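**Q** Numbering (UniProt numbering), first residue to last: 1 to 676.
Every residue, glycine too, gets a C-beta built ideally from N, C-alpha and C.
Fair warning: this is a prediction, and the values are worked out from it, not measured in the lab.
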Amino acid sequence: MTVAVEKPEQPQKPEQPRKTDSAPPAVAPAARVRRIGRGTVVAAILIAWLVLFAVLRGKQTLTLAAADLTDLHRWINDLNDSIGANRNSNPLFLYFFNEIRLVIDTLVTFVQELISQPSADRPLPQIGWLGVVGIAGYVSWAVGNWRVALLAVAGFTFFGLQGLWQESMDTLALTVSAVFVALLFAIPLGVWAGLSTRFNRVVTPFLDFMQTMPTFVYLAPLTLFFLIGGASATIATVIYAAPPAIRITAHAIRSVPETTVEAADSLGATRWQALLKVLLPMSKRTVVMGVNQSIMAALAMVTIAALIDAPGLGHTVLQALQSLDVGTAFNAGLAIVVMAIVLDRVTTAAAARQETGRLSNGRFAGLRRPLLAAGGVVTAVLVYMSHTYVWAAEFPGEGGVGSSVAKAADTTTTWVQDSLSGLTNAFRDALTNGLLNPFQSLLTDSPWWLVAAVLIGIGTVVGGWRAGVTAAVCVGLLLGTGLWSDSMTTLASTLVATVLVMLLGMAVGVWMGRSALADRVLRPTLDAAQVMPPFVYLVPFLALFGATRFTAIVAAIVYAAPVAIKIIADGVRAVPAATVEAATSAGCNTWQIITKVQLPMSRSALTLATNQGLIYVLSMVVVGGLVGAGALGYDVVAGFSQGQLYGKGLAAGLAIVLLGVMFDRITQAAARRVSA
1 MTVAVEKPEQ PQKPEQPRKT DSAPPAVAPA ARVRRIGRGT VVAAILIAWL
51 VLFAVLRGKQ TLTLAAADLT DLHRWINDLN DSIGANRNSN PLFLYFFNEI
101 RLVIDTLVTF VQELISQPSA DRPLPQIGWL GVVGIAGYVS WAVGNWRVAL
151 LAVAGFTFFG LQGLWQESMD TLALTVSAVF VALLFAIPLG VWAGLSTRFN
201 RVVTPFLDFM QTMPTFVYLA PLTLFFLIGG ASATIATVIY AAPPAIRITA
251 HAIRSVPETT VEAADSLGAT RWQALLKVLL PMSKRTVVMG VNQSIMAALA
301 MVTIAALIDA PGLGHTVLQA LQSLDVGTAF NAGLAIVVMA IVLDRVTTAA
351 AARQETGRLS NGRFAGLRRP LLAAGGVVTA VLVYMSHTYV WAAEFPGEGG
401 VGSSVAKAAD TTTTWVQDSL SGLTNAFRDA LTNGLLNPFQ SLLTDSPWWL
451 VAAVLIGIGT VVGGWRAGVT AAVCVGLLLG TGLWSDSMTT LASTLVATVL
501 VMLLGMAVGV WMGRSALADR VLRPTLDAAQ VMPPFVYLVP FLALFGATRF
551 TAIVAAIVYA APVAIKIIAD GVRAVPAATV EAATSAGCNT WQIITKVQLP
601 MSRSALTLAT NQGLIYVLSM VVVGGLVGAG ALGYDVVAGF SQGQLYGKGL
651 AAGLAIVLLG VMFDRITQAA ARRVSA
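(1) Taking Cβ positions, are I567 and A609 nearer each other than 8 Å?
(2) Short check: CB of Q644 to CB of V405, under 8 Å?
(3) Fully enclosed by the region 545–603, which alpha helix (DSSP H) runs are 4 residues long or longer?
(4) Given this structure, state the Cα-to-Cα distance separating V337 from A528, to the nearest angstrom.
(5) Return the first residue and the last residue of the alpha helix (DSSP H) that I127 is part of.
(6) Counting along the chain, where does the alpha helix (DSSP H) carrying Y240 start and finish?
(7) Please report how far the alpha carbon of R514 lies from the alpha carbon of R549, in whole angstroms.
(8) Applying the criterion that 16 or more other CB atoms from any shown protein chain within 10 Å of the CB defines a buried residue, is D71 buried or exposed?
(9) Counting C-beta neighbours from all protein chains within 10 Å, is the total for E581 16 or more, i.e. buried, or is it exposed?
(10) What residue from F110, L614, R665 has the CA that sits closest to A497's CA?
(11) Within 10 angstroms of the Cβ of G190, are there 16 or more other Cβ atoms? Answer buried if so, exposed if not.
(12) Count the C-beta pairs between the region 175–184 and the region 126–133 that are closer than 8 Å, then say yes if the count reaches three, no if not.
(13) For R345, I'd like the list of residues in its chain whose CB is within less than 7 Å of its CB, leaving aside the five on either flank, ordered along the chain.
(14) One question on the structure: do A236 and L219 come within less than 8 Å of each other, judged by their Cβ atoms?
(15) Spatial neighbours of A335 within its chain, please: C-beta separation below 7 Å, excluding the five flanking residues on both sides.
(16) In angstroms with no decimal places, state the Cα-to-Cα distance between L477 and G546.
(17) Looking only at its own chain, which residues have a Cβ that is under 6 Å from the Cβ of V572, when we skip the five neighbours before and after it?
(18) Can you tell me which of the three DSSP states M662 falls into?
(19) So S196 packs on A242, CB below 8 Å; how close in whole Å?
(20) What residue range does the alpha helix (DSSP H) around R514 cover?
(21) Who are the Cβ neighbours of N80 in its own chain at under 6 Å, not counting the five residues just before and after it?
(22) Whole-angstrom Cβ separation of G625 and Y634, contact assumed at under 8 Å?
(23) So what's V416 in DSSP terms, helix, strand or just coil?
(24) Over the uninterrupted alpha helix (DSSP H) stretch that includes M296, give me the two end residues.
(25) For P311, which residues in the same chain have their Cβ closer than 6 Å to its Cβ, ignoring the five residues on either side in sequence?
(26) Count the other CB atoms within 10 Å of the CB of I36; is the residue buried (16 or more) or exposed (fewer)?
(27) Using 8 Å as the cut-off, can you tell me whether the region 263–282 makes contact with the region 489–507, which would need three or more C-beta pairs spanning the two stretches below that distance?
(28) Would you tell me roughly how many angstroms separate the C-alpha atoms of G459 and V657, rounded to the nearest one?
(29) Would you check whether the ligand GTP has a heavy atom nearer than 7 Å to the C-beta of S283?
(30) With a threshold of 6 Å on Cβ separation, who are the neighbours of P14 within its own chain once the five nearest residues in sequence on each side are excluded?
(31) Would residue 677 and T470 qualify as a contact pair, given that the criterion is a beta-carbon distance under 8 Å?
(32) Can you check which of these residues, V302, L318, S487, is closest to G630 by C-alpha distance?
(33) Taking 8 Å as the limit between beta carbons, can you name the residues of its chain near P524, skipping five residues before and five after?
(34) In whole angstroms, what separates the C-alpha of A43 from that of L606?
(35) Taking the C-alpha atoms as reference points, what is the distance between W591 and A670?
(36) By how many angstroms is the C-alpha of F206 removed from the C-alpha of H315?
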């Protein structure tokens with residue numbers, strides 16, 4: 001043993017030439033392996049794929065015609081028919097699902113009769129427009145500040161000036177009901193996930209499923225169990241709105257410093273006391289941000305929930321789009337955006353107050369409580385007047401502002417169509433023929449086993465062996481759905497859209513990260529793009545690009561780019577100023593600072609932006625199916641509208657989820673590796 005250790009330490013001794021010659025082969029290969037980066041391995045996989053594609057093109061592609069079904073699809077159809085036939089006799093429906101529907105219907109009806117719909121013995125709601133505006137302003141002032149209160153008053157008044165007061169209040173009632181139900185479950189589950197790593201591992205796949213499953217997919221089962229109406233719409237909104245609150249609450253609990261928890265334990269605090277006195281108070285700001293994201297998610301469901309008879313602005317948007325009335329649809333979509341901005345600013349201000357303390361530091365800090373009490377009295381008077389007098393209950397006027405907005409939207413759409421159609425068609429054809437068609441052919445015309453091997457191989461190289469195992473499982477389940485070819489068609493459009501999202505995200509995100517003025521100017525536009533119902537801008541896009549895959553890609557970019565832009569902007573902004581100053585003093589110009597300093601130091605943000613951009617693009621797949629994208633999106637829509645394709649549509653929704661889970665795990669693992 002002593003000799004074996006000493007010989008490598010003296011490799012240059014002349015009397016041991018054999019040992020000197022044998023040492024390098026043991027070291028050099030390892031060094032060479034270390035020099036082969038992941039990018040090189042991925043490039044080798046792609047080159048091998050291209051070579052095999054040229055040889056095996058068109059073989060074993062597992063193509064399924066639009067009207068064809070597999071055994072799985074037929075089994076789901078039979079299950080659907082069986083449930084529908086027994087819903088009025090099955091005890092599970094009589095004593096469980098029907099009771100849930102009754103409770104939720106009661107909640108939604110109560111809120112509607114309070115602010116939007118005629119009450120039992122009244123031709124008007126219990127609280128009219130003046131009272132609602134007063135409550136909005138007072139609550140915003142109490143939890144935020146006077147600026148937020150002015151914004152809330154202006155925003156709610158704008159609904160009436162648009163001629164959309166009742167529709168806006170119906171939307172608000174549905175949002176409030178859904179968020180209330182979501183938070184009843186989300187906050188306790190989030191706390192549990194934050195306290196228990198094991199439970200967090202269990203609940204995370206379900207949250208992924210809820211967030212990536214296209215909402216169209218679970219609308220049909222919900223109407224089967226809960227019928228069409230407010231209950232199904234509320235439950236659909238809860239499914240979509242609860243996961244952000246659960247994730248953010250869990251993150252808030254886990255973010256409390258361990259030393260603080262240990263100090264509470266050393267003082268003899270029980271787990272319940274530590275939760276109530278330490279963890280929750282120190283997590284309030286982040287938990288409120290979870291409420292904020294839950295509200296935003298609920299508003300994003302407004303238009304889709306209208307497909308199952310949800311009242312409000314979403315219903316107005318759908319009716320307008322059925323007649324291609326862009327102006328009316330835009331006016332209602334603008335109301336949704338205004339509501340989202342108001343609720344976002346109110347909850348953001350509430351989160352900031354939780355961090356800085358309830359009492360302000362201004363000149364009137366000591367008068368805040370008396371002023372709040374006086375404001376409460378004034379608000380109560382406004383509520384009484386809106387309950388008693390017709391002029392304070394019904395919003396006056398005919399909605400002239402809304403008519404002007406609709407006319408301006410129609411005029412702008414017509415001008416864009418007339419002036420830019422030639423340019424947009426050329427751009428569409430260039431991107432489709434130059435990038436989308438070749439890439440789609442590579443995915444759909446390659447043998448299924450070759451594409452599967454490429455996906456698993458790249459997933460393993462980029463994300464590690466766990467991501468590779470996840471990719472293998474997801475690929476196997478994709479094969480089980482019987483929709484391999486459609487999945488590859490959707491994957492092609494998704495990846496192309498994600499690349500374009502990242503290019504736009506880096507260009508605009510770097511600009512916002514380097515310029516506070518650009519951030520202030522562009523952020524409201526990004527907020528509007530996130531909450532504007534996609535159906536609103538689909539009509540002008542259809543006029544510009546036609547019913548094609550490119551139209552679906554553009555709609556997905558509009559929806560996904562704001563998230564990527566915000567994440568990249570935050571990553572660039574987080575680069576230490578001292579590092580940027582050092583690069584400047586070394587003589588670097590702006591381009592060199594961006595490409596050599598800020599972007600490399602924001603790699604984790606870039607990876608996270610890719611992850612979120614991809615997930616958001618996938619969430620638009622079904623909407624793309626409505627405008628010519630075909631593949632999985634069309635399968636989902638057809639399954640929702642045609643009973644014989646119900647099973648195929650549900651399988652298509654599962655396929656979209658599997659694509660989302662696979663790439664989410666790969667990009668998350670890559671992000672962790674970059675950050676390490």
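**A** Reading it off the structure:
(1) Contact flag set, yes.
(2) Between Q644 and V405, the gap from beta carbon to beta carbon reaches 8 Å or more.
(3) Here the runs fully enclosed are 549–573, 577–585, 590–593.
(4) Between V337 and A528, the C-alpha separation is close to 6 Å.
(5) Neither: I127 is in no alpha helix (DSSP H) and is coded neither H nor E.
(6) Its alpha helix (DSSP H) spans residues 230–254.
(7) Going by the C-alpha atoms only, they are around 34 Å apart.
(8) Label assigned to D71: exposed.
(9) E581 is exposed by the Cβ-count criterion.
(10) When only C-alpha atoms are compared, the closest one is L614.
(11) Classification of G190: buried, given that the 10 Å Cβ count is 16 or more.
(12) No, because fewer than three Cβ pairs between the region 175–184 and the region 126–133 fall closer than 8 Å, the two stretches do not touch.
(13) Excluding residues within five positions, the ones whose Cβ falls inside 7 Å are V148, L151.
(14) Contact annotation: A236 and L219 have beta-carbon atoms nearer than 8 Å.
(15) These residues qualify, in order along the chain: F159, Q162, L164, S168, L313.
(16) For L477 and G546, the distance between alpha carbons rounds to 34 Å.
(17) Taken in chain order, the residues that qualify are V510, G513, Q598, S602.
(18) Residue state, collapsed to three classes: helix.
(19) The C-beta separation of S196 from A242 comes to about 18 Å, leaving the pair out of contact by the 8 Å criterion.
(20) If you look at R514, you'll find it in the alpha helix (DSSP H) that goes 484–514.
(21) Residues of the same chain with a CB within less than 6 Å of the CB of N80, apart from the 5 flanking positions on each side, are Y646 in chain order.
(22) Indeed they touch by this definition, with Cβ atoms about 4 Å apart.
(23) V416 falls in the helix class under three-state DSSP.
(24) 280–300 is the span of the alpha helix (DSSP H), which, as asked, contains M296.
(25) If we look at P311 and ignore the five residues flanking it on each side, its Cβ neighbours are D170.
(26) Around the CB of I36, fewer than 16 other CB atoms lie within 10 Å, so the residue is classed as exposed.
(27) Using a Cβ-Cβ distance cut-off of 8 Å, the region 263–282 and the region 489–507 are not in contact, since fewer than three pairs of beta carbons, one from each stretch, lie closer than that value.
(28) So the two alpha carbons sit approximately 17 Å from each other.
(29) With respect to small molecules bound, the structure shown includes none, and the ligand GTP cannot be examined in it.
(30) Its pLDDT being 47, under 50, P14 is placed unreliably by the model, and nothing is read from it.
(31) The structure shown does not extend to residue 677, since the chain is modelled only from 1 to 676, so the question has no answer here.
(32) Measuring from the Cα of G630, the nearest candidate turns out to be S487.
(33) Leaving aside the five residues that flank P524 on each side, the residues in its chain whose CB is nearer than 8 Å to its CB run, in chain order, I341.
(34) A straight line joining the alpha-carbon of A43 with that of L606 spans about 20 Å.
(35) Distance between the alpha carbons of W591 and A670 is about 26 Å.
(36) Computed Cα separation, rounded: 30 Å.
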